[in-house]
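From first to last, the protein sequence lines are chains D and F.
Sequential numbering from 78 applies to the first sequence in the numbering used here.
Sequential numbering from 78 applies to the second sequence in the numbering used here.
Quick reminder that beta carbons are idealized off the backbone N, C-alpha and C, glycines included.
Single-structure report; data block below.
2 protein chains.
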Amino acid sequence: MSKELAVVALSGGMDSCVTAAIAAQNYEIAALHINYGQRTEKRELKAFNDIADFYGIKKRLVIDFSHLLAIGGSSLTDKNIEVSKADLTNKEIPTSYVPFRNANILSAAVSWAEVLQASRIFIGAVYEDSSGYPDCRPDFFEAFEKAVNLGTKPETKIKIETPIIHLSKAEIIKKGLELKAPLELTWSCYVNEDKACGVCDSCALRLRAFQQLGIEDPIPYKIRPNYLNNTETR
Amino acid sequence: MSKELAVVALSGGMDSCVTAAIAAQNYEIAALHINYGQRTEKRELKAFNDIADFYGIKKRLVIDFSHLLAIGGSSLTDKNIEVSKADLTNKEIPTSYVPFRNANILSAAVSWAEVLQASRIFIGAVYEDSSGYPDCRPDFFEAFEKAVNLGTKPETKIKIETPIIHLSKAEIIKKGLELKAPLELTWSCYVNEDKACGVCDSCALRLRAFQQLGIEDPIPYKIRPNYLNNTETR
């Protein structure tokens with residue numbers, strides 16, 4: 078019996094890679110990648126293709142969401158807004174927040190899933206230990222799933238799966254190691270494309286988690302600050 | 078006192094034109110147009126700009142949603158699927174349904190609205206007399222609005238306005254005439270870009286409504302069948 082199909086949003090970061098590893102246990106994967114004019118677009122696309130190759134994924138869709146660039150409002154897409162240095166104690170929404178990005182991604186994923194007759198959408202959103210983005214909240218995904226099932230054909234039944242939403246970064250890494258996910262192929266840095274900067278929000282969260290586990294992060298860094306003295310969690 | 082800002086989804090069709098006319102009564106308008114690889118993309122873009130000029134709208138955003146073309150599944154974007162001739166008695170979802178299109182449009186509108194600090198999104202969805210698209214149902218928009226307010230910044234409060242959702246096409250035309258909306262600048266045909274075909278779903282619904290009102294539709298048609306013998310409503 079052939080497996081059911083799941084659309085997996087695969088940015089190329091660690092979270093989406095582990096999410097793909099979880100989906101691959103029970104589903105055939107169709108992998109969706111979004112270019113949205115972010116600074117590290119090319120490097121993330123390479124990570125997407127490397128991970129998709131690793132899992133033997135044939136159905137791939139790469140979408141250009143240049144409107145998120147035109148709209149701006151985020152340090153990831155607007156060169157006039159500086160990518161903030163990590164401050165893991167800050168509770169405010171960081172400048173890297175791309176307004177309502179996950180809804181844009183999910184809407185495209187649902188359009189594709191409806192045509193492919195996929196029954197699941199997997200997205201590697203993280204809330205507990207995240208950067209504080211409002212579109213990563215569990216109740217956002219629940220509300221969105223309701224909208225999906227009201228706004229698609231009666232025969233379309235799509236569940237939105239957020240399997241790592243309550244995990245800390247360290248737990249995500251452990252899960253990835255357990256499932257033999259190719260973490261060495263992932264890319265998380267918001268700033269650089271050759272060696273990860275080590276100091277942006279995304280690098281800091283990732284490095285701290287590897288440090289908590291006492292494991293070396295397999296990707297190259299320009300600098301690897303010690304984040305273990307910072308005991309605050311977000 | 079300056080007016081509040083509203084993002085209006087303006088396809089260039091009659092419904093969105095009348096929706097803009099309604100929004101213009103109380104709001105400053107930022108107009109959003111989506112190219113999604115539909116057959117009549119250029120003609121619709123011209124209608125968008127003509128209507129935006131008419132209302133003196135300065136904030137305009139045109140987005141290319143080429144992924145909806147790549148995803149397919151609709152006669153509007155997939156040349157292998159024929160645009161069905163109008164059958165106004167058919168209750169099935171027509172081939173022109175673009176999977177989950179309105180969610181894709183709304184998500185982009187919300188991203189833009191959040192950056193512009195707009196308080197409203199207007200969309201000219203029609204349910205009562207519509208083509209039967211699931212993403213035009215009132216409860217879809219309600220559910221989506223909930224997702225919006227859970228998935229955006231705490232200070233962002235966006236209401237989704239669907240002012241013509243319960244109107245028939247004839248009532249929409251009457252409303253447009255009452256508000257002096259430039260219906261002569263609109264384009265509805267799914268097939269042609271010079272003279273409207275008169276026989277696709279969209280032409281048929283429009284022509285029938287004008288015929289019901291005993292008014293001549295101001296745009297050019299290749300043929301104008303008489304749709305008044307068909308007394309079924311959808």
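Residue-level contact to chain F via CB, D/Phe217, 8 angstroms cutoff: Numbered from its first residue, the first sequence carries residue 217 of chain D at position 140. Chain F contact via Cβ: present.
Below-8 angstroms beta-carbon distance, D/Thr172 vs any chain F residue: Counting from one through the first sequence, the residue named residue 172 of chain D turns up at place 95. No, its Cβ sits nowhere closer than 8 angstroms to a Cβ of chain F.
Range of the contiguous beta strand (DSSP E) that encloses F/Asp141: Taking the first residue of the second sequence as 1, we reach residue 141 of chain F at position 64. For F/Asp141, the enclosing beta strand (DSSP E) begins and ends at 136-141.
Interface flag, D/Asn157 vs chain F, CB-CB below 8 angstroms: Counting from one through the first sequence, the residue named residue 157 of chain D turns up at place 80. So no, D/Asn157 is outside the interface.
Contact between the stretch 170-187 of chain F and the stretch 109-117 of chain F (3+ Cβ pairs under 8 angstroms): Touching, yes.
8 angstroms Cβ cutoff, D/Leu87 in contact with chain F: Counting from 1 along the first sequence, the entry for residue 87 of chain D is found at position 10. It does not; no Cβ of chain F falls within 8 angstroms.
Neighbour flag for D/Ala129 against chain F, beta carbons, 8 angstroms: On the first sequence, residue 129 of chain D is found 52 positions in, with the first residue counted as 1. For D/Ala129, no Cβ of chain F is located within less than 8 angstroms of the residue's own Cβ.
Candidates D/Glu232, D/Lys251, D/Gln115, of which the one nearest D/Thr172 by Cα: The count along the first sequence starts at 1 and reaches residue 172 of chain D at position 95. The residue with the shortest Cα to Cα distance from D/Thr172 is D/Gln115.
For F/Ala224, the first and last residue of its enclosing beta strand (DSSP E): Sequence index remark: in the second sequence, residue 224 of chain F carries index 147 (1-based). For F/Ala224, no beta strand (DSSP E) run applies; the uninterrupted alpha helix (DSSP H) run containing it begins and ends at 215-228, by DSSP.
Meets three-Cβ-pair contact criterion under 8 angstroms: the stretch 236-243 of chain D and the stretch 227-236 of chain F: Segments in contact, no.
D/His44 - DSSP class collapsed to helix/strand/coil: Residue 44 of chain D is absent from the model: chain D starts at 78 and stops at 311.
Residue environment, F/Asp130, which counts as buried when at least 16 other CB atoms sit within 10 Å: Position 53 of the second sequence holds residue 130 of chain F. Exposed, since its Cβ has fewer than 16 Cβ neighbours within 10 Å.
Any 3 or more C-beta pairs closer than 8 angstroms across the stretch 82-90 of chain D and the stretch 119-138 of chain D: Of all C-beta pairs linking the stretch 82-90 of chain D to the stretch 119-138 of chain D, three or more are shorter than 8 angstroms, placing the two stretches in contact.
Per DSSP, the bridge partner or partners of F/Leu82: For the purposes of this step, residue 82 of chain F is taken as residue 5 along the second sequence, with counting starting at 1. F/Glu105.
Residue-chain proximity (F/Val276, chain D), Cβ-Cβ < 8 angstroms: Residue numbering aside, residue 276 of chain F sits at position 199 when the second sequence is read from its first letter. The Cβ of F/Val276 sits no closer than 8 angstroms to any Cβ of chain D.
Test: D/Lys257 CB closer than 8 angstroms to a CB of chain F: Position 180 of the first sequence, counted from the start, is the residue given in the question as residue 257 of chain D. Closer than 8 angstroms: no.
Spatial neighbours of D/Cys280 in its chain, beta-carbon cut-off 6 angstroms, leaving aside the 5 residues before and after: Your numbering for residue 280 of chain D matches position 203 in the first sequence. Result list for D/Cys280: Cys266, Ala273, Cys274, in chain order.
For D/Tyr298, the residue or residues it bridges with in DSSP: Here residue 298 of chain D is taken as the residue at index 221 of the first sequence, counted from 1. Paired residue(s): D/Ala273.
Beta bridge counterpart(s) of F/Ile399 as assigned by DSSP: An answer regarding residue 399 of chain F cannot be provided, because it is not within the stretch 78 to 311 covered by chain F.
Where F/Phe125 meets chain D, residues with beta-carbon distance less than 9 angstroms: Working through the second sequence from its first residue, we reach residue 125 of chain F at position 48. Taking the beta carbon of F/Phe125 as reference, no residue of chain D falls within 9 angstroms; the closest one sits roughly 15 angstroms away.
The alpha helix (DSSP H) enclosing D/Ala258, as first and last residue numbers: In the first sequence, counting from the first residue as 1, residue 258 of chain D sits at position 181. Per DSSP, D/Ala258 lies in no alpha helix (DSSP H) segment and is marked neither H nor E.
F/Val175 in three-state terms, based on DSSP: If you number the second sequence from 1, residue 175 of chain F lands on position 98. Coil at F/Val175, not helix or strand.
Three or more C-beta pairs below 8 angstroms linking the stretch 135-145 of chain F and the stretch 288-297 of chain F: They do not touch, by the three-pair rule.
Backbone secondary structure at D/Thr96 - three-state DSSP: Translated into positions along the first sequence, residue 96 of chain D becomes position 19. DSSP, reduced to helix, strand and coil, places D/Thr96 within a helical segment of the structure shown.
The stretch 252-271 of chain D contacting the stretch 247-264 of chain F, beta-carbon criterion three pairs below 8 angstroms: Not touching, per the Cβ criterion.
Contacts of F/Ser184 in chain D (Cβ-Cβ under 7 angstroms): Here the question's residue 184 of chain F lines up with position 107 in the second sequence. Simply Phe177, Ala180, Asn181, Ser184.
D/Glu293, DSSP secondary structure in three states: Position 216 of the first sequence holds residue 293 of chain D. Residue state for D/Glu293 is assigned as coil, using DSSP reduced to three classes.
Whole-number beta carbon distance between D/Val225 and D/Val187, since they are thought to touch under 8 angstroms: Along the first sequence, one-based indexing puts residue 187 of chain D at 110. Along the first sequence, one-based indexing puts residue 225 of chain D at 148. About 5 angstroms separates the Cβ atoms of D/Val187 and D/Val225, confirming a contact at the 8 angstroms cut-off.
Integer-rounded CB distance, given that F/Arg178 should sit under 8 angstroms from F/Asp216: Here residue 216 of chain F refers to the residue found at position 139 when the second sequence is read from its first residue. Here residue 178 of chain F refers to the residue found at position 101 when the second sequence is read from its first residue. Rounded, the Cβ-Cβ distance is 17 angstroms, inconsistent with contact.
Whether D/Ala107 touches D/Trp189 by CB criterion (8 angstroms): Translated into positions along the first sequence, residue 107 of chain D becomes position 30. Translated into positions along the first sequence, residue 189 of chain D becomes position 112. Yes.
F/Asp335 at chain D interface by Cβ criterion, 8 angstroms: Outside the shown range of chain F (78 to 311) lies residue 335 of chain F, about which nothing can therefore be said.
F/Gly89 (DSSP reduced to helix, strand or coil): Position 12 of the second sequence, counted from the start, is the residue given in the question as residue 89 of chain F. It is coil, neither helix nor strand.
Top-ranked residue by Cα proximity to D/Arg120, from D/Glu81, D/Cys277, D/Leu262, D/Asn303: As a working note, residue 120 of chain D is residue 43 in the first sequence. Of the residues D/Glu81, D/Cys277, D/Leu262, D/Asn303, the one whose Cα lies closest to the Cα of D/Arg120 is D/Leu262.
Exposed unless 16 or more other CB atoms sit within 10 angstroms - verdict on D/Leu260: Looking up residue 260 of chain D in the first sequence gives position 183. Label assigned to D/Leu260: buried.
Counted within 10 angstroms of its Cβ, other Cβ atoms place D/Leu305 as buried (16 or more) or exposed: What you label residue 305 of chain D is simply residue 228 of the first sequence in a count that begins at 1. In this structure D/Leu305 is exposed. Its beta-carbon is surrounded by fewer than 16 other beta-carbon atoms within 10 angstroms.
Alpha carbon of D/Ile148 to alpha carbon of F/Asp278, nearest angstrom: In the first sequence, residue 148 of chain D corresponds to position 71, counting from 1. In the second sequence, residue 278 of chain F corresponds to position 201, counting from 1. Separation of D/Ile148 and F/Asp278 (C-alpha to C-alpha, rounded to the nearest whole angstrom) is 34 angstroms.
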